[in-house]
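S.K.:
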Amino acid sequence: MRRALVLLCALALGYVGISFLVVFRMTSPSRRRPGETPTSAGLAYEEVGLLSTDGIRLKAWWVPIEGSSRAAVLVHGWGGHRSDEHVLKTAPVYLREGYSVLIIDLRAQGESGGRRRTLGYREVRDVRGALLWLKGRGYGPGETVLHGWSMGGATVVRAAPGTGVAAVVEEAGYADLPLLLERAIPRIAGLPRLFVPGVLLAGKLWPDFDAWDVQPDREASELLREGVPLFIIHSSEDGLIPVEHAEKFAAAHPEAAVWILPDHDHVEAFAHPEYEERLRSFLRTVTTKRRPAPPT
Numbered sequence: 287m288r289r290a291l292v293l294l295c296a297l298a299l300g301y302v303g304i305s306f307l308v309v310f311r312m313t314s315p316s317r318r319r320p321g322e323t324p325t326s327a328g329l330a331y332e333e334v335g336l337l338s339t340d341g342i343r344l345k346a347w348w349v350p351i352e353g354s355s356r357a358a359v360l361v362h363g364w365g366g367h368r369s370d371e372h373v374l375k376t377a378p379v380y381l382r383e384g385y386s387v388l389i390i391d392l393r394a395q396g397e398s399g400g401r402r403r404t405l406g407y408r409e410v411r412d413v414r415g416a417l418l419w420l421k422g423r424g425y426g427p428g429e430t431v432l433h434g435w436s437m438g439g440a441t442v443v444r445a446a447p448g449t450g451v452a453a454v455v456e457e458a459g460y461a462d463l464p465l466l467l468e469r470a471i472p473r474i475a476g477l478p479r480l481f482v483p484g485v486l487l488a489g490k491l492w493p494d495f496d497a498w499d500v501q502p503d504r505e506a507s508e509l510l511r512e513g514v515p516l517f518i519i520h521s522s523e524d525g526l527i528p529v530e531h532a533e534k535f536a537a538a539h540p541e542a543a544v545w546i547l548p549d550h551d552h553v554e555a556f557a558h559p560e561y562e563e564r565l566r567s568f569l570r571t572v573t574t575k576r577r578p579a580p581p582t
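All residue numbers for the sequence shown refer to this note's numbering, where the first residue is 287 and numbers rise by one.
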């Protein structure tokens with residue numbers, strides 16, 4: 287009996303320890319200096335700093351259009367940064383449509399401050415900080431579009447409700463983080479599925495990262511109720527985030543524009559020949575539906 291208890295305690299400690307190790311790796315910072323800048327896309331820009339709503343210092347690029355009252359916030363994904371190819375290739379699309387562009391590094395990524403990434407949990411505060419920064423420059427939320435990729439896509443959907451933004455573009459994002467981790471952890475960490483609940487609980491205990499709260503399809507439903515247009519872009523061949531997440535977003539927001547591409551990998555829609563026209567067509571519908579921010 288004593289040996290059995292010792293064995294059970296050892297197994298329990300091993301389970302807890304491995305779960306915390308997985309969380310530690312998932313949330314570790316991803317520091318990186320930009321490899322490219324908007325200059326590589328022929329754009330003049332400013333290096334700017336801003337604060338998340340919980341005081342984290344964020345780095346960003348500001349690409350303004352003189353005389354424009356519209357703006358877009360571009361948000362990269364997990365392990366990414368503001369110089370990701372798909373981000374820099376998309377910025378000129380917004381500029382050609384008359385939007386000034388703010389490209390941010392999320393917390394604990396790129397050159398921004400912050401100790402931990404949280405897979406879209408606390409990053410919501412970074413996006414809302416970007417909206418406050420734009421407001422200080424005279425760009426109201428009712429004329430601002432949020433556009434995110436992968437984790438950034440999940441984050442902009444979560445950040446948008448209640449802000450009065452003009453629209454949201456979600457590319458290759460996850461609609462349900464626990465569902466994604468249930469399949470990703472065994473594949474990435476090489477662990478059996480029985481570790482998934484332990485990893486989710488470990489994240490809740492430290493570093494206070496609640497994966498169960500990151501289910502952006504719920505916020506997509508809120509966007510529907512608020513009348514905020516949503517554009518869902520995903521590939522049926524996405525090897526990282528299955529297309530079922532796009533389907534969950536579409537089910538939560540039946541009025542959303544949906545584009546499911548074949549034969550493209552994760553966040554590679556920008557390479558499709560129809561990408562610019564589809565995005566600009568969506569933006570043109572948004573400009574006829576601008577709304578003031580809700581009263582505070």
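C-beta atoms are modelled at their ideal positions from N, C-alpha and C, and glycine is treated no differently.
Computed from a predicted model, the values in this text were never measured in an experiment.
So, under 8 Å CB-CB, R444 and V482 are touching, yes? Tell me the CB distance rounded to an integer number of Å.
M.R.: No, R444 and V482 are not in contact; Cβ-Cβ is about 21 Å, not under 8 Å.
S.K.: Suppose the cutoff is 6 Å on Cβ atoms and the five residues either side in sequence are ignored; what does the same chain contact list for S522 look like?
M.R.: V529, I546 and P548.
S.K.: Note down the Cα distance separating A506 from G366, rounded to an integer number of angstroms.
M.R.: Cα-Cα distance, rounded: 23 Å.
S.K.: Relative to the C-alpha of A497, which residue among R402, D462 and I527 is closest?
M.R.: Considering only alpha carbons, the answer is D462.
S.K.: Out of curiosity, what's the CA-to-CA distance linking Y331 and E533?
M.R.: Going by the C-alpha atoms only, they are around 36 Å apart.
S.K.: Strictly by DSSP, which residues pair up with G396?
M.R.: DSSP, once it has assigned bridges, lists R317 as partnering G396.
S.K.: Please go through the same chain and pick out, in chain order, the residues whose beta-carbon is closer than 8 Å to the beta-carbon of R577, but skip the five residues on each side of it.
M.R.: Below a pLDDT of 50, predicted positions are generally treated as unreliable, and R577, at 46, falls in that range; the measurement from the model is reported next regardless. Closer than 8 Å at Cβ, skipping near neighbours: G428, G450, A452 and G513.
S.K.: Between L432 and V359, is the Cβ-Cβ spacing less than 8 Å?
M.R.: Cβ atoms of L432 and V359: closer than 8 Å.
S.K.: Please report the Cβ distance between I390 and V361, rounded to the nearest whole angstrom; I am assuming they are in contact, meaning their Cβ atoms lie under 8 Å.
M.R.: Sure, about 6 Å apart at Cβ, within 8 Å.
S.K.: With a 10 Å radius around its C-beta and 16 neighbouring C-beta atoms as the bar for buried, classify T325 as buried or exposed.
M.R.: That one is exposed.
S.K.: Taking C-beta to C-beta, are W435 and A470 nearer than 8 Å?
M.R.: Result no, Cβ atoms of W435 and A470 do not sit closer than 8 Å.
S.K.: Taking DSSP as the reference, what is the three-state secondary structure of W419?
M.R.: Reduced to three states, the DSSP call for W419 is helix.
S.K.: From S338 to A346, what does the alpha carbon distance come to, in whole angstroms?
M.R.: Computed Cα separation, rounded: 12 Å.
S.K.: Could you give the DSSP three-state label for L297: helix, strand or coil?
M.R.: If DSSP states are grouped into helix, strand and coil, L297 belongs with the helices.
S.K.: Between R403 and T313, how many whole angstroms is the CB-CB distance? I'm expecting something under 8 Å.
M.R.: The Cβ separation is near 5 Å, so the contact holds.
S.K.: Classify V572 as helix, strand or coil using the three-state DSSP reduction.
M.R.: If DSSP states are grouped into helix, strand and coil, V572 belongs with the helices.
S.K.: Could you tell me the distance, in whole angstroms, from the CA atom of E468 to the CA atom of G489?
M.R.: For E468 and G489, the distance between alpha carbons rounds to 14 Å.
S.K.: At what residue ranges does the stretch 312-370 contain a whole run of the beta strand (DSSP E), taking only runs of 3 or more?
M.R.: Counting only runs of 3 or more, we get 332-337, 343-349 and 357-361.
S.K.: Looking only at its chain, what residues have a beta carbon closer than 8 Å to the beta carbon of F568, apart from the 5 residues adjacent to it on each side?
M.R.: Closer than 8 Å at the Cβ level, and outside the excluded window around F568, lie A453, V455, P515, F517 and A543.
S.K.: Could you compute how far the alpha carbon of E397 sits from the alpha carbon of G321?
M.R.: Cα-Cα distance, rounded: 12 Å.
S.K.: Distance check for T441 and K575, CA to CA, integer angstroms please.
M.R.: Since pLDDT at K575 reaches only 47, below the 50 mark, its modelled position is unreliable, and the value read off the structure follows with that caveat. Taking the straight line from one Cα to the other gives about 23 Å.
S.K.: With DSSP collapsed to three states, give me the class of E429.
M.R.: If DSSP states are grouped into helix, strand and coil, E429 belongs with the helices.
S.K.: Indicate whether D551 and G525 have their beta-carbon atoms separated by less than 8 Å.
M.R.: In contact: D551 and G525 (Cβ atoms closer than 8 Å).
S.K.: Taking 6 Å as the limit between beta carbons, can you name the residues of its chain near T376, skipping five residues before and five after?
M.R.: For T376, where only same-chain residues beyond five positions count, the Cβ hits under 6 Å are F556.
S.K.: Using the C-alpha atoms, what's the distance from G384 back to T323?
M.R.: Going from the Cα of T323 to the Cα of G384 covers about 20 Å.
S.K.: Within its chain, find whatever has a CB closer than 7 Å to the CB of H558; leave out the 5 residues flanking it on each side and keep chain order.
M.R.: Excluding positions up to five away in sequence, the list reads L547 and H550.
S.K.: What residues match up with G434 in a beta bridge as DSSP calls it?
M.R.: Beta-bridge pairing links G434 to V361 and E456.
S.K.: For V308, does the three-state DSSP call read helix, strand or coil?
M.R.: Three-state DSSP puts V308 in a helix.
S.K.: By a C-beta neighbour count over all protein chains shown, 10 Å radius and 16 as the cutoff for buried, is A290 buried or exposed?
M.R.: The residue in question, A290, is exposed, as its Cβ has fewer than 16 Cβ neighbours within 10 Å.
S.K.: Can you look up R564 in the DSSP assignment and give me helix, strand or coil?
M.R.: Helix.
S.K.: Which same chain residues end up closer than 8 Å to R504 when comparing Cβ atoms and leaving out the 5 residues on each side of it in sequence?
M.R.: Cβ within range, chain order: A538.
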